[in-house]
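Enquirer: Handing you a structure now.
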Amino acid sequence: MKKYNFSAGPSILSQFTIKNTAEAVIDFEGTGLSVMEVSHRDKEFMATMDKARLLFKELLDIPSGYEVLFLGGGASLQFCMVPYNLLNKKAAYLTTGTWASKAMKEAKFFGEVVEAATSKDKNFSYIPKKFDVPDDADYFHITTNNTIFGTEIREDIDSKIPLVADMSSDILSRPVDISKYALIYGGAQKNLAPSGVSFVIVKEDILGKVKRPIPSMLNYKVHIDNGSMFNTPPVLPVYAAYQTLLWLKEKGGVKEMEKINVRKADMLYQEIERNRLFKSTVSDPRDRSIMNICFVMHENYGDLEKEFLEFAYNKGMVGLKGHRSVGGFRASCYNAMTEEGVRALVDAMREFEKQC
Ligand SMILES: *Cc1c(COP(=O)(O)O)cnc(C)c1O
């Protein structure tokens with residue numbers, strides 16, 4: 041049976057990425073070696089790393105003065121690397137979910153942290169509209185897409201102080217005005233590659249301003265100076281990320297991807313609104329994520345939750361169970377999820393409604 045993978049992360053990847061990576065596991069670009077056993081200093085892999093960083097820049101139209109890095113450690117390591125490299129005295133954090141809260145917690149090891157706003161009062165079901173960001177903070181940290189709660193900041197906000205964004209789960213889903221950000225980071229396993237690699241887009245002139253000594257592995261400057269090859273990078277995930285970037289370019293890039301993502305999200309949100317069994321957990325449409333679409337059973341039908349999950353599962357839909365802190369369902373519709381896949385989910389919701 042055809043599977044539709046709605047998992048939040050690790051999550052769906054394009055068939056192009058999966059097939060080409062599988063091929064490279066057997067024979068990496070005609071070297072007769074697996075991509076898992078080549079030296080990261082071999083010219084073939086060095087070229088892959090360079091091409092991946094360049095294509096990332098091209099696809100997101102990253103201006104000069106910024107560098108792209110592929111590092112290990114996941115987005116969670118960035119929660120500490122960001123303040124390590126940027127926080128002298130004070131930083132501001134917008135807490136719109138679990139990941140945003142975790143990021144803020146790590147920053148507290150390095151200095152004073154101001155919570156610019158939070159949506160915790162309503163279980164992170166909305167994006168606060170007013171932020172209180174002190175002018176003298178070193179940076180302002182936001183999480184553009186809240187993977188667990190299904191809210192998203194889809195505009196590139198204006199900030200007087202350097203803006204830092206965790207874009208783990210919406211990178212490459214839309215065009216981004218990179219010039220508005222000082223640093224963007226994320227784990228690859230939501231929209232780019234298997235787990236094991238993170239991407240960092242960093243404006244070079246924001247570095248070198250903190251007074252503390254920084255251990256080499258945690259120092260962005262060291263990684264930049266070494267072409268993202270200071271130590272052994274996650275070779276296989278970087279190869280897979282490169283394949284996803286090639287696929288994305290072939291599909292028309294992030295502009296085209298955004299159109300498709302909006303169409304997919306509209307289709308699903310419309311069905312959630314229409315269907316008497318379900319309701320959205322995010323009431324303001326402006327705050328709704330186009331990547332992670334969260335919904336629950338309507339009060340009157342609460343006992344049907346398990347049944348619907350099973351119903352959808354039997355039609356090949358996996359990973360639809362919502363995170364425990366929200367309940368219900370979460371359909372993650374990353375770039376690689378097709379319109380056909382979302383339509384299949386909508387059809388399943390309709391069919392289930394009819395039989396209830
Ligand atoms: C998944 C996720 C993380 C954590 O990523 P790891 O790579 O597991 O550390 C952080 N932020 C957001 C927004 C996420 O979706």
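When the count follows the working numbering, it moves up by one through the sequence shown with no breaks and lands on 396 for the last residue.
Just so you know, even glycine gets a beta-carbon here, dropped at the ideal spot from N, CA and C.
Remember, it's a predicted structure, so these values are computed and weren't measured experimentally.
Flag Q229 as yes when its Cβ comes closer than 7 Å to any non-hydrogen atom of ligand 1, and as no otherwise.
Expert: Indeed, a heavy atom of ligand 1 lies less than 7 Å from the Cβ.
Enquirer: Name the two residues that bound the continuous alpha helix (DSSP H) containing G293.
Expert: From DSSP, the alpha helix (DSSP H) with G293 extends over 293–314.
Enquirer: Considering only the alpha carbon of each residue, which of A371, F239, S213 lies closest to I300?
Expert: Looking at the Cα atoms, S213 is the closest of the given residues.
Enquirer: With contact counted as at least three CB pairs below 8 Å, one residue from each stretch, are the stretch 194–202 and the stretch 76–83 in contact?
Expert: No: fewer than three Cβ pairs fall under 8 Å.
Enquirer: Tell me whether N185 counts as near ligand 1, meaning its Cβ is closer than 7 Å to at least one heavy atom of that ligand.
Expert: N185 Cβ: within cutoff of ligand 1.
Enquirer: Give a yes or no on contact between the stretch 300–320 and the stretch 109–126, applying the rule of three or more CB pairs nearer than 8 Å.
Expert: Flag = no, the stretch 300–320 and the stretch 109–126 do not touch.
Enquirer: Here's a check: name, in chain order, each residue in its chain whose Cβ is nearer than 8 Å to the Cβ of M76, leaving out the five neighbours to either side.
Expert: Here the set comprises V65, V275, L276.
Enquirer: Could you say which of L94, L286, I224, S219 lies nearest to M121 if we only look at CA atoms?
Expert: Comparing Cα-Cα distances from M121 to each of L94, L286, I224, S219, the minimum goes to I224.
Enquirer: Apart from the five residues just before and just after L109, which ones in its own chain have a Cβ nearer than 6 Å to its Cβ?
Expert: V240, H263, S268, listed in sequence order.
Enquirer: Just checking A233 against ligand 1 - is the residue's beta carbon closer than 7 Å to any of the ligand's heavy atoms?
Expert: Checking every heavy atom of ligand 1 against the Cβ of A233, none is found closer than 7 Å.
Enquirer: With which residues is M337 paired in a DSSP beta bridge?
Expert: DSSP output for M337 lists F318 as bridge partner(s).
Enquirer: Would the C-beta of A371 count as close to ligand 1, meaning under 7 Å from any of its heavy atoms?
Expert: A371: no, Cβ never under 7 Å from ligand 1.
Enquirer: Can you check which of these residues, M337, F180, L288, P215, is closest to L203 by C-alpha distance?
Expert: Residue F180 is the option with its Cα nearest to L203.
Enquirer: Can you tell me the Cα-Cα spacing of K145 and D101, whole angstroms?
Expert: Roughly 32 Å between the two C-alpha positions.
Enquirer: For a test of your reading of the model: does the CB of G49 fall under 7 Å from any non-hydrogen atom of ligand 1? Yes or no.
Expert: Yes, the Cβ of G49 comes within 7 Å of a heavy atom of ligand 1.
Enquirer: At a cut of 8 Å, does the stretch 276–295 reach the stretch 365–372 through at least three beta carbon pairs?
Expert: The answer is no - the stretch 365–372 does not touch the stretch 276–295, with fewer than three Cβ pairs under 8 Å.
Enquirer: Taking 6 Å as the limit between beta carbons, can you name the residues of its chain near L53, skipping five residues before and five after?
Expert: These residues qualify, in order along the chain: A376.
Enquirer: Indicate the three-state DSSP secondary structure (helix, strand or coil) for L109 in the structure shown.
Expert: In this structure, L109 counts as strand in the three-state DSSP scheme.
Enquirer: In the structure shown, what three-state DSSP assignment does A143 receive?
Expert: Helix at A143.
Enquirer: Using only the heavy atoms of ligand 1, determine whether one of them is closer than 7 Å to the beta carbon of W141.
Expert: First, the amino acid is wrong: residue 141 is Ser here, not Trp. Result no, Cβ not under 7 Å from ligand 1.
Enquirer: So, is P234 buried or exposed, given that buried needs 16 or more other C-beta atoms within 10 angstroms?
Expert: So P234 ends up on the buried side.
Enquirer: Taking its Cβ as the centre, do 16 or more other Cβ atoms sit within 10 Å of G70, making it buried, or is it exposed?
Expert: So G70 counts as exposed.
Enquirer: Is L117 near S209, with beta carbons less than 8 Å apart?
Expert: No. Outside cutoff.
Enquirer: For S104, is the beta carbon positioned less than 7 Å from some heavy atom of ligand 1?
Expert: No.
Enquirer: Counting along the chain, where does the beta strand (DSSP E) carrying L349 start and finish?
Expert: Premise fails: L349 lies in the alpha helix (DSSP H), 345–353, not in any beta strand (DSSP E).
Enquirer: Just mark K169 as buried or exposed, buried being the case when its beta carbon has 16 or more other beta carbons within 10 Å.
Expert: Under this definition K169 is an exposed residue.
Enquirer: Under a three-way DSSP split, which group does M357 fall into?
Expert: Strand at M357.
Enquirer: Please report how far the alpha carbon of F164 lies from the alpha carbon of A132, in whole angstroms.
Expert: Each residue's alpha carbon lies about 18 Å from the other.
Enquirer: What whole-angstrom Cβ distance do T183 and A140 have, given they're in contact under 8 Å?
Expert: 4 Å between Cβ atoms; contact.
Enquirer: Could you check whether T135 and E155 sit closer than 8 Å to each other, using their CB atoms as the reference points?
Expert: Yes. Within cutoff.
Enquirer: Any idea which residues DSSP pairs A131 with across the strands?
Expert: DSSP, once it has assigned bridges, lists V153 as partnering A131.
Enquirer: Excluding five sequence neighbours on each side, which residues of the same chain lie with their C-beta closer than 8 Å to the C-beta of L95?
Expert: Cβ neighbours of L95 beyond the five flanking positions: Y282, L285, L286, K289.
Enquirer: Compare the beta carbon distance of F149 and S372 with 8 Å and say whether it is the shorter of the two.
Expert: No.
Enquirer: Candidates F171, A177, E339: which alpha carbon is nearest A147's?
Expert: Measuring from the Cα of A147, the nearest candidate turns out to be A177.
Enquirer: Hey, out of S159, E98, D265, whose CA is closest to V322's CA?
Expert: Taking only the C-alpha atoms, the option nearest V322 is S159.
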